[in-house]
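What follows is a short report on a single structure.
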Amino acid sequence: ETSLKVTGIDFLKSQNTRQHHTDGYNIKNLVVRRGQPFQVQVSLNRELRPADKLSLRFGIGENPLKNRGSLLSLKPEREDFNGWKISVVKKNGNECLLSVTSSPNAPVGKYNLHVKTGTDVYKPENGVIYLLFNPWCEDDVVYMASEAQKNEYVLNDTGSIYVGSAYNIYDRPWNFGQFEEFVLDACMYLLDKSKLSLSERRDPGNVSRAMSALVNANDDSGVVMGNWSGNYISGTSPMDWIGSVTILQKYYKTKKPVRYGQCWVFAGVLNTVMRCLGVPCRCVSTFDAAHDTEENLRVDVYLNERGEKLNSLSLDSVWNFHVWNDVWMKRADLPNGFDGWQAIDSTPQEQSQGRFQCGPCPVKAVREGDVYLPYDSKFVYAEVNADRVYWVVKKVNGKEKYFKVGTETQAIGKNISTKAVGQNRREDITREYKYPEGSKEERMSMQRAYSFIRPSGLVPRSGYASTVQTLGGNTQPLILKEPVTKTGLHLEITNTEPLHPGNPLEMAITVKISTPGSWTVDLIGSCQLQYYTGKVQANLGTIKETINLDGTSEMQIPLKIAPDAYMKTLSSVEDEVLILVTAIAEVQETNDKLTKETSMRFEYPPITVQMPETAKLYNDFTCAFIFKNKLNVILENCKLLVEGLGIFKMTTFEQGDIMPGRIMKSEIICTPTRLGEKKMVAKLISNQIKGISTEKAILIT
């Protein structure tokens with residue numbers, strides 16, 4: 017009687033990966049999703065008989081043990097083991113086709129497959145199977161019903177991240193590239209590095225929290241090192257990335273943090289990691305996001321007497337935009353009603369339980385004001401709901417005194433944005449995070465949140481608290497709605513000409529009054545350049561005017577900045593800067609005060625991409641990038657960054673200086689290696705301009 021031996025095993029990769037929506041992964045091994053059957057064909061030295069002992073053994077981790085649950089020994093037609101089961105589909109001579117179904121809450125990770133027959137153990141080559149979360153399986157907590165949503169939030173490897181300011185939002189194309197070479201391996205390395213236990217790896221909540229910590233380099237030498245200093249000489253400037261692939265490949269190769277990132281880089285990489293592991297994920301941009309360091313739902317902004325914002329006094333800040341991620345899952349650890357999108361954030365802002373990590377925080381908890389729910393819901397709530405209070409710092413008898421000149425209760429957490437499902441456009445999801453301003457639901461949600469967060473009274477908080485003018489004791493900010501002034505004073509800030517670098521910046525402050533009478537208004541206006549984090553980089557100019565308004569009327573006051581005032585700063589900073597205009601108006605007759613600020617971005621000429629609409633697999637095609645410098649300035653040290661997943665590897669082309677009026681034309685030859693719609697992404701960077709992006713799609717047949 018010959019003892020039964022395995023002579024080979026076929027993982028039936030093309031059939032399994034098609035059924036599991038994993039055929040995109042650029043890897044030799046079999047990648048499958050949990051809770052769904054996959055088949056393997058085992059070749060034996062003779063026919064399988066009823067008395068034969070055959071088992072598949074799946075081991076995870078360094079030293080798999082049955083009693084730890086890290087070694088699963090599956091025998092055909094036996095009762096399941098830890099929720100896994102295996103059956104014989106058909107026997108044909110010495111061939112045996114087996115079907116394996118993993119548990120829908122199995123730990124995700126890399127499993128080693130061995131086949132045991134009697135005393136013989138067969139170890140196949142490429143016998144490591146990658147097991148991922150499964151949004152297609154109804155029993156998996158990441159289950160998502162809509163096909164279109166799964167196509168976007170799990171399978172789309174390109175997308176857009178929205179940046180800029182609430183006044184002008186624009187999209188930065190980003191290549192997520194979750195299927196590219198070594199990206200899945202990098203994610204598996206992060207899972208191992210996270211030290212999550214096997215049972216913690218079952219839960220996407222634990223996994224997403226761990227990944228929010230590991231995508232930043234703080235306290236665990238994770239993937240990306242944050243840097244907002246303006247000096248990136250020892251690495252890559254955060255503006256110079258157009259996708260996650262280069263970053264994750266480099267990290268996997270060196271196992272050292274990649275320099276440098278800012279919030280959209282962290283969000284882009286975390287989005288790649290979560291989609292790669294099979295958790296539906298989207299990038300979420302909030303405009304005018306509060307960074308409230310004391311969780312008192314208030315951000316103080318300090319101005320000098322010329323109306324210029326001061327950096328030094330503010331501990332917290334309002335970022336022009338901040339990008340984090342939402343992941344989709346059921347939350348078994350919470351009361352009912354908090355399933356669905358959960359916010360996670362890997363930008364290192366605040367420590368949570370001793371590490372730089374944030375979330376998962378149920379988006380519904382933010383909307384309902386249930387800010388006691390884990391994780392970090394107070395912090396996320398404050399990012400989108402804080403009040404902004406303006407103070408003017410004046411010297412009185414040689415001492416600094418603070419005067420409150422305005423409170424905005426509806427200015428924070430605007431235009432919350434993500435890429436629309438299946439379309440290249442911005443979808444506004446503010447309603448998922450907040451009830452409409454001023455609605456009954458919003459008031460109830462706010463009262464609920466305030467019962468868990470103790471807002472401080474209205475005194476400025478900085479190192480200078482001893483010199484504070486108290487303002488009528490401790491007022492509860494609950495009653496602070498948009499200040500309605502006695503005169504119906506209203507301010508608007510706009511640009512009157514396009515804001516092209518090299519041209520004068522032409523803006524205007526409009527003062528409106530809606531109450532009959534004769535009014536004298538003192539107006540102070542300032543223009544500054546600031547980073548997206550709210551940090552002021554340069555003061556460009558101020559105006560001071562006293563105007564007379566009769567009855568219900570308005571007046572437009574121009575604010576004009578010459579190119580010489582800002583071009584030097586613009587060329588010397590490594591980051592993209594925004595134009596900040598602040599206005600303070602005071603009505604002499606009533607002492608009504610109002611403060612308003614608006615951030616605007618510079619406008620640039622476009623890049624155009626010329627390439628065919630379709631191309632055939634492995635057939636070369638030409639792609640051209642054309643840019644005309646329509647600005648009045650030389651663009652120095654231009655670099656063109658190009659990447660097209662499945663058509664062209666990330667490359668940087670040095671373009672030198674581009675004179676005003678000159679045209680740059682750059683051609684590349686592309687070889688498509690994958691079928692379907694692919695995208696070419698390009699970005700032009702120079703000393704003067706930190707990023708003109710474009711993208712164009714091509715269908716590979």
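For the record, in the sequence shown the residue sitting at position 463 is 479 according to this note's numbering, with numbers rising by one throughout. Where is the CB? At the ideal position from N, CA and C, for every residue including glycine.
Checklist entry - Rounded to the nearest angstrom, how far is the Cβ of aspartate 566 from that of serine 534, given a contact under 8 Å? => result Taking the sequence shown and counting its residues from 1, the one referred to as residue 566 is at position 550. Taking the sequence shown and counting its residues from 1, the one referred to as residue 534 is at position 518. Indeed they touch by this definition, with Cβ atoms about 5 Å apart.
Item to check | Cβ-based burial, methionine 462 [other Cβ within 10 Å; buried from 16] | outcome: Taking the first residue of the sequence shown as 1, we reach residue 462 at position 446. So methionine 462 ends up on the buried side.
Checklist entry - Expressed to the nearest angstrom, what Euclidean distance is found between the alpha-carbon atoms of glutamate 498 and glutamate 453? => result As a working note, residue 498 is residue 482 in the sequence shown. As a working note, residue 453 is residue 437 in the sequence shown. Caution is warranted here: a pLDDT of 45 is assigned to glutamate 498, below 50, making its placement in the model unreliable, and the coordinate value is therefore given only provisionally. When rounded, the distance between both Cα atoms is 10 Å.
Checklist entry - Secondary structure at proline 378, three-state DSSP: helix, strand or coil? => result In the sequence shown, residue 378 corresponds to position 362, counting from 1. In this structure, proline 378 counts as strand in the three-state DSSP scheme.
Next on the checklist: For the alpha helix (DSSP H) containing aspartate 539, name the first residue and the last one.
Outcome noted: Taking the sequence shown and counting its residues from 1, one reaches residue 539 at position 523. Here the sequence assigns leucine to residue 539, which means aspartate is not the residue at that position. Leucine 539 -> not in any alpha helix (DSSP H); beta strand (DSSP E) instead, spanning 534 to 546.
Checklist entry - Mind checking leucine 331: buried by the 16 CB within 10 Å criterion, or exposed? => result As a first step, residue 331 must be located in the sequence shown, where it is residue number 315. Under this definition leucine 331 is an exposed residue.
Item to check | Three-state secondary structure assigned by DSSP to alanine 481 | outcome: Counting from one through the sequence shown, the residue named residue 481 turns up at place 465. Any reading at alanine 481 needs caution, since the residue's pLDDT is 32, under 50, leaving its predicted position unreliable; the model's value is listed next. In this structure, alanine 481 counts as helix in the three-state DSSP scheme.
Checklist entry - In whole angstroms, what is the alpha-carbon distance linking glycine 550 and glutamine 57? => result By 1-based counting over the sequence shown, the position of residue 550 is 534. By 1-based counting over the sequence shown, the position of residue 57 is 41. Taking the straight line from one Cα to the other gives about 60 Å.
Item to check | Residues of its chain near glutamine 365, where Cβ-Cβ distance is below 7 Å and the 5 sequence neighbours each way are ignored | outcome: As a position in the sequence shown, residue 365 is number 349, starting the count at 1. Answer for glutamine 365: His307, listed in chain order.
Item to check | At least 3 beta-carbon pairs within less than 8 Å: the stretch 502 to 509 vs the stretch 519 to 532 | outcome: yes
Item to check | Distance between beta carbons of asparagine 645 and glycine 692, contact taken as under 8 Å | outcome: Mapped onto the sequence shown, residue 692 falls at position 676. Mapped onto the sequence shown, residue 645 falls at position 629. Actually they are not in contact, since the Cβ atoms of glycine 692 and asparagine 645 sit about 35 Å apart, beyond 8 Å.
Next on the checklist: Am I right that valine 597 and glutamate 659 are in contact with their C-beta atoms under 8 Å? What's the rounded C-beta distance?
Outcome noted: Numbered from its first residue, the sequence shown carries residue 597 at position 581. Numbered from its first residue, the sequence shown carries residue 659 at position 643. That pair is no contact at about 36 Å.
Checklist entry - Between which two residues does the beta strand (DSSP E) containing serine 328 stretch? => result By one-based count along the sequence shown, residue 328 stands at place 312. No beta strand (DSSP E) holds serine 328; DSSP gives it neither H nor E.
Item to check | Three-state class that DSSP yields for cysteine 112 in the structure shown | outcome: As a working mapping, residue 112 is identified with position 96 in the sequence shown. Three-state DSSP puts cysteine 112 in a strand.
Checklist entry - Are lysine 107 and leucine 72 close, meaning C-beta to C-beta below 9 Å? => result Along the sequence shown, read from residue 1 onward, the residue named residue 107 stands at position 91. Along the sequence shown, read from residue 1 onward, the residue named residue 72 stands at position 56. No.
Next on the checklist: Which residue wins for smallest C-alpha separation from glutamine 426, given the options Val22, Asp349, Glu399, Phe637?
Outcome noted: Working through the sequence shown from its first residue, we reach residue 426 at position 410. Answer by Cα proximity: Glu399.
Checklist entry - Looking only at DSSP bridge pairs, what is glutamate 416 linked to? => result Taking the first residue of the sequence shown as 1, we reach residue 416 at position 400. For glutamate 416, which the question treats as bridged, DSSP gives the partners Lys411.
Next on the checklist: Do aspartate 403 and arginine 459 count as a contact pair if the criterion is CB distance below 9 Å?
Outcome noted: As a working note, residue 459 is residue 443 in the sequence shown. As a working note, residue 403 is residue 387 in the sequence shown. No, they are not a contact pair.
Checklist entry - So, using beta-carbon positions, are asparagine 150 and glycine 40 closer together than 9 Å? => result To locate residue 150, count along the sequence shown from 1; it is residue 134. To locate residue 40, count along the sequence shown from 1; it is residue 24. No, these two residues do not count as a Cβ contact at 9 Å.
Checklist entry - In terms of alpha-carbon separation, which member of Val537, Val223, Glu416, Pro123 lies closest to lysine 609? => result Against the sequence shown, residue 609 aligns to sequence position 593. Considering only alpha carbons, the answer is Val537.
Next on the checklist: Within a Cβ cutoff of 8 Å, which residues of the same chain sit near leucine 326, ignoring the five residues on either side of it in sequence?
Outcome noted: In the sequence shown, residue 326 corresponds to position 310, counting from 1. So the qualifying residues of the chain are Tyr318, Leu319, Asn320, Val409, Val552.
Checklist entry - Taking Cβ positions, are isoleucine 679 and serine 702 nearer each other than 9 Å? => result Locating residue 679 in the sequence shown gives position 663, where the first residue counts as 1. Locating residue 702 in the sequence shown gives position 686, where the first residue counts as 1. Against a cut-off of 9 Å, the Cβ pair of serine 702 and isoleucine 679 comes out as no contact.
Item to check | Residue environment, isoleucine 258, which counts as buried when at least 16 other CB atoms sit within 10 Å | outcome: Reading the sequence shown from its first residue, position 242 is the one you call residue 258. It counts as buried.
Checklist entry - Just how far apart, CA to CA, sit serine 237 and valine 231? => result Looking up residue 237 in the sequence shown gives position 221. Looking up residue 231 in the sequence shown gives position 215. Approximately 9 Å between the Cα atoms of the pair.
Checklist entry - To which residues does DSSP link alanine 305 through a beta bridge? => result Walking along the sequence shown from the start, residue 305 turns up at place 289. Its beta-bridge partners are Trp335.
Next on the checklist: Here's a check: name, in chain order, each residue in its chain whose Cβ is nearer than 6 Å to the Cβ of aspartate 26, leaving out the five neighbours to either side.
Outcome noted: Stepping through the sequence shown from its first residue, residue 26 is reached at position 10. Excluding residues within five positions, the ones whose Cβ falls inside 6 Å are Gln57.
Item to check | Element boundaries [alpha helix (DSSP H), containing serine 461] | outcome: The sequence position of residue 461 within the sequence shown is 445, counting from 1. First-last of the alpha helix (DSSP H) with serine 461: 456 to 468.
Checklist entry - Is DSSP giving asparagine 172 helix, strand or coil here? => result Taking the sequence shown and counting its residues from 1, the one referred to as residue 172 is at position 156. DSSP places asparagine 172 in coil when its eight states are reduced to three.
Next on the checklist: Which same chain residues end up closer than 6 Å to lysine 695 when comparing Cβ atoms and leaving out the 5 residues on each side of it in sequence?
Outcome noted: As a first step, residue 695 must be located in the sequence shown, where it is residue number 679. Taken in chain order, the residues that qualify are Thr174, Glu711, Ala713.
Next on the checklist: Can you confirm whether the stretch 183 to 196 touches the stretch 248 to 268 when touching is taken to mean that 3 or more C-beta pairs between the two stretches lie within less than 8 Å?
Outcome noted: yes
Item to check | Supposed close pair serine 724, leucine 633 - CB separation, criterion 8 Å | outcome: The structure shown does not extend to residue 724, since the chain spans only 17 to 717, so no value can be given for it.
Checklist entry - Which residues in the same chain as tyrosine 276 place their Cβ atom closer than 6 Å to its Cβ, once the five residues preceding and following it in sequence are excluded? => result Residue mapping note: residue 276 aligns to position 260 of the sequence shown, counting from 1. So the list reads Met241, Asn243, Tyr248, Gly251, Pro254, once near-sequence residues are dropped.
Next on the checklist: Distance check for proline 574 and alanine 524, CA to CA, integer angstroms please.
Outcome noted: Taking the first residue of the sequence shown as position 1, residue 524 is located at position 508. Taking the first residue of the sequence shown as position 1, residue 574 is located at position 558. Rounded to whole angstroms, the separation of the alpha carbons of proline 574 and alanine 524 is 4 Å.
Item to check | Extent of the continuous alpha helix (DSSP H) to which methionine 583 belongs | outcome: Here the question's residue 583 lines up with position 567 in the sequence shown. Methionine 583 -> alpha helix (DSSP H) spans 579 to 588.
Next on the checklist: DSSP three-state label for lysine 91, please.
Outcome noted: Against the sequence shown, residue 91 aligns to sequence position 75. Coil at lysine 91, not helix or strand.
Checklist entry - Going by alpha carbons, who is nearest to glutamine 439 out of Arg84, Tyr169, Arg322? => result As a first step, residue 439 is located in the sequence shown; it is residue number 423 there, counting from the start. The shortest C-alpha separation from glutamine 439 is found at Tyr169.
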